[in-house]
Structures are given as structure tokens and as C-alpha cells.
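There are 2 protein chains.
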Amino acid sequence: MTDPGVTTTHPTAELDNTVHQRARLGILTVLNEAERADFVYLRDALGITDGNLSSNLQVLQDAGYVKIDKTFDGKRPRTWVTATKAGRKALASEVAILKAIIARADGAR
Amino acid sequence: MTDPGVTTTHPTAELDNTVHQRARLGILTVLNEAERADFVYLRDALGITDGNLSSNLQVLQDAGYVKIDKTFDGKRPRTWVTATKAGRKALASEVAILKAIIARADGAR
């Protein structure tokens, strides 16, 4: 640790911020547990604001990690969110990297 | 998962972005393994730019999670970074929350 010439790559370098960011990690783990979840459920489960949820869903949708369907429950609009296959795969990669980080953090104690 | 009236709090809601952010999680895990690390070592180990490392070290220093010491190695300036007790505690909390998230992600498969 005292030799600056040694270049190793730490597992955190492999983290993809599209999935690692706190709210997005929450969205994907909730969706991984459920077939689909609606906007209100996600917002309440994650304890974030409408605006925060919307902008993070947009990032995940742009990455192809979630699919968003707007439906009507009678006259009430509902927004359903589903994780895509790519989204589940991205979450699995994140979890694998987190396990490597945890193993190093635990090993150092 | 289909009842929006149920308000549960997901473990991601407890994540502290000061520690969770990718580069900062990297800095704290490297420092947790070492007594101290210098700027160049951290930069190379994490594969980030000087500017990115500087700004994230500033956030960690402002939070009281790292201590930064500027020394001279002959005429060459060196910047040493050490995790504080609060920084190690914050990393331990992050790791505990990550374990809870992983347990849920793994359980859902």
C-alpha cells in the first residue's frame, strides 16, 4: 500500500453508476422482487420524491433497464414499471461487484 | 407488491450517498485495508482522474471521514490520506446495508 508504482484495479472501478446510484439500486432491487410495481408503490417503498423517482426511472429506461407502461385503473392513471432482462442482468453484475467489495472490506478488519 | 397502500422502507433508503457514491466507496475501502495511502496510489488503484479523486476526497474530508496530510519526500510533495474512526464506522454501516440489499436481491431469484 506504500508503493505507488503498483497499479491494481479496485472492484469499485467496475461499478456502473446507472445501477449503483442509490435510488436506482433501490428501484431495480424492488423490481427484481416483483413482477412489476407501480409508481406510487416504488415512491413509498424507497422513500423518495415523485421528481426523484421520475428522473431516475428515465435514466433506467434510457439504459434499457426498465419498461414503463401507463394504464388506467377506471379513470385513475397508473404507471407500471417492470425490469427488463438487461435490467436484471445489470443488477446481478452490481450485486457480484458489491460482494467482492464487501469481501475486501470484511477481510481488512 | 400490488398494494400501493403498504409502506415499507427498502434498505436502499438508508444508504448515505457520502459513502455510497462509487469513487468514495472505493477510497474508503482502500483506506480500510491500509494504514494510509497516498494520492497517486489511490488514483491508480481506483482508475479515476486527479480531479475526480480531489473532489471526492474533499467531500469525505468535509464529512470528517478522512484526514489529509501533505508532506515532502525530499523535494517531492506527497499527499497522504487516512480514514478516520468516523470514516471506518461509516464504511461499516454502508457494508451492513449492502449486505441487506444483497440478501433481498439473492432471495428474489
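Chains as they are written, first to last, in the working numbering: chain A, 45 to 153; chain B, 45 to 153.
Glycine included, each C-beta is placed from N, C-alpha and C at the ideal position.
Delimiting residues of the alpha helix (DSSP H) encompassing residue i
i, result
"A/D94", "D94 to D106"
"A/T62", "N61 to H64"
Neighbour flag for residue i against chain B, beta carbons, 8 Å
i, result
"A/T56", "yes"
"A/L142", "yes"
"A/I145", "yes"
"A/A134", "no"
"A/V74", "yes"
DSSP-derived helix/strand/coil call for residue i
i, result
"B/W80", "Residue identity differs from the one stated: residue 80 of chain B is Arg in this sequence, not Trp. In the structure shown, B/R80 sits in coil (DSSP, three-state: anything other than H, G, I, E or B)."
"B/K114", "strand"
"B/G91", "coil"
"A/T56", "helix"
"B/Y109", "coil"
Buried versus exposed, by CB contacts within 10 Å (16 or more), residue i
i, result
"B/Q65", "buried"
"A/T56", "buried"
"B/N100", "buried"
"B/E138", "buried"
"B/G118", "exposed"
"A/W62", "A small correction: the amino acid at residue 62 of chain A is Thr; Trp does not occupy that position in the sequence shown. A/T62 is buried by the Cβ-count criterion."
"B/T73", "buried"
Enclosing beta strand (DSSP E) for residue i [first to last residue]
i, result
"A/A127", "R120 to A127"
Chain A within 8 Å of residue i, Cβ atoms only
i, result
"B/N61", "yes"
"B/L90", "yes"
"B/T53", "yes"
"B/N100", "no"
"B/V139", "yes"
Query raised in the report: So does the segment 117-126 of chain B actually touch the segment 79-99 of chain B, counting three or more Cβ pairs closer than 8 Å?
Result: yes
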